[in-house]
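Residue numbers (full-length UniProt numbering): 1 to 125. Backbone N, C-alpha and C fix where the C-beta goes; we use that ideal spot for every residue, glycine too.
Pasting the structure below:
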């Protein structure tokens, strides 16, 4: 059974403009990371009046994870220390997601770590 994909339309500030809040920067980085994580996830990319509009195809499960991570970042925006720790947590989560994706890709391609051909070396008694 194939996983359903959903289109998500999002507006983000252009790279040469400063984001209005730190949450926007986190959201932008998260969206870019997810697009890279899934390969050709970005369908279109248009720059209009300083706003970058992107269409990204993501699996429903990945979209849920992304929204949960964004919501977790917004909850702690009241305290600067909490905000820093939540952004580290977000970066750590992205790192784990990237590593899992790399492992799956390597496993699918058959590139595994080296293993000896023999399980054991027989000894003559």
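Residue i, DSSP secondary structure in three states
| i | result |
| --- | --- |
| residue 57 | strand |
| residue 105 | helix |
| residue 89 | helix |
| residue 65 | helix |
| residue 118 | coil |
| residue 71 | helix |
Integer Cβ distance of residue i from residue j, believed to fall under 8 angstroms
| i | j | result |
| --- | --- | --- |
| residue 90 | residue 69 | 6 angstroms |
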